[in-house]
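Numbering (UniProt numbering), first residue to last: 1 to 235.
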């Protein structure tokens, strides 16, 4: 009998560096998926139906109807989603322990440093209501340090872990914003080469364009959006 077509994964998503990680992985793996927009500027991330699958009120999150043992599963946190999809498909996430440890190291480097620190750089350089020189210098310098780490890692390597992996997918959305982060990419030639290589991949191009019409060219611009995103407390 012909195999039934795979049911699409529901991807709760907004076009941001963290959302792009998952659209790129899904495109690279050729997995069918449906976008469920989570408008983070309007507070969709606080709706009870979203919190039921992402208790940290952050997108992305997924519901895979064909999870372990054929039962649905929800996964939140972009790094965990990448690892799950890598195990599910056997793609872009090594099966051997040494290879997997290396990918995990650089995935967690992105999750713990490259993403959060570059995000703070964006905040204080672009979105903060008042310019705080100490904060701007602090985070711009830390971004510079992290680009230096990545540049050294890419010396003699096409991709972060040698072979293309979820570690590269995790980093590309953040790294392509180097100019907004006050960096000169010419200072990091290995990163510049890697960026060109990554952005030439058709699946990366498709992943970065998913629902791009939802993205406001002006970024987070209204007082209401800033209050939702930058004024969060425990609920």
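For every residue, glycine included, the Cβ atom is placed at its ideal position computed from N, Cα and C.
Taking a C-beta distance under 8 Å as the contact criterion, residue 126 and residue 58 do not qualify as a contact pair. With contacts defined by Cβ atoms closer than 8 Å, residue 14 and residue 207 do not form a contacting pair. Three or more beta-carbon pairs separated by less than 8 Å are not found between the stretch 137-154 and the stretch 63-73, which leaves the two stretches without contact.
Taking a C-beta distance under 8 Å as the contact criterion, residue 33 and residue 9 qualify as a contact pair. Counting along the chain, residue 33 sits inside the beta strand (DSSP E) bounded by residues 33-37.
The beta strand (DSSP E) runs of length 3 or more contained entirely in the UniProt domain "GST C-terminal" (96-218) do not exist; there are none. The residue from 111, 116, 31 and 74 with its alpha-carbon nearest to that of residue 52 is 74.
Membership of residue 50 in the alpha helix (DSSP H) is indicated by the continuous run 48-51.
Contact between residue 24 and residue 169 holds: CB atoms are separated by about 5 Å, below the 8 Å threshold. Per DSSP, the continuous beta strand (DSSP E) segment holding residue 63 begins and ends at 61-64.
Cα atoms of residue 101 and residue 226: separation of roughly 38 Å, rounded to the nearest angstrom. According to the DSSP assignment, residue 9 belongs to the beta strand (DSSP E) that extends over 9-13. Counting every other CB atom within 10 Å of its CB across the protein chains shown gives residue 232 a total below 16, marking it as exposed.
For the pair residue 12 and residue 61, the CB atoms are nearer than the 8 Å cut-off. Three or more Cβ pairs closer than 8 Å define a contact, and the stretch 148-159 meets that threshold against the stretch 188-195. Note on residue 205: under 16 other CB atoms within 10 angstroms of its CB, so exposed under the neighbour-count rule.
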